[in-house]
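J.: Below: one structure in structure tokens.
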């Protein structure tokens, strides 16, 4: 699957936008599809934070374990998960531009086998729409 790259211009301070994605409990409140978050590490934010996220996908609950592998305040957070024979590597970045904050997401999916590659090709559109929906929720929340 080709990398998914999306960006949104948000009329809000960079620290508000960053905190809305980097603080998992906050992100879960913003994104309606997330129905539960269970922390697997003592730290709930920052490098090394691990958690199990349950969200609705196509009317069914899907649970994924994620880990924060890169974290720089008001700049970027990287979440990595392994699910369905694929390593999902998602980088969120924020930067100020003309008084607004640009939130960008780059997701790479590295399939470990042929079956996972085929599935990833089939779900690429759904994944892109889901990321865009999450970003729109962050935009609405931050611009309140």
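In the numbering used here, the protein residues as written are 931 to 1074. Glycine is no exception: its CB is placed at the ideal position from the N, C-alpha and C atoms.
1. For a minimum of 3 consecutive residues, which ranges assigned as the beta strand (DSSP E) are wholly contained in the segment 1024 to 1066?
2. Across the segment 968 to 975 and the segment 947 to 959, are there enough close Cβ pairs to call them in contact, namely three or more that are closer than 8 Å?
3. Does the contact criterion of 3 or more C-beta pairs under 8 Å hold for the segment 1011 to 1022 versus the segment 1042 to 1060?
4. Give me, in chain order, the residues of the same chain whose beta-carbon lies closer than 6 Å to that of residue 948; leave out the 5 immediate sequence neighbours on both sides.
5. Among residues of its own chain, excluding the 5 on either side of residue 950, which ones have a beta-carbon nearer than 8 Å to its beta-carbon?
6. Mind checking who residue 994 pairs with in its DSSP beta bridge?
7. Out of 1026, 993, 1046, 1033, which has the shortest C-alpha to C-alpha gap to residue 936?
8. Can you tell which of 993, 994, 1038, 1022 has its C-alpha closest to the C-alpha of residue 1002?
T.: The answer reads as follows:
1. Restricted to the segment 1024 to 1066, the beta strand (DSSP E) segments that are unbroken, complete and at least 3 residues in length are 1030 to 1041, listed in chain order.
2. yes
3. yes
4. 1004, 1024
5. Hits under 8 Å: 956, 957, 960, 1068, 1071, 1072.
6. For residue 994, which the question treats as bridged, DSSP gives the partners 983.
7. 1033
8. 1022
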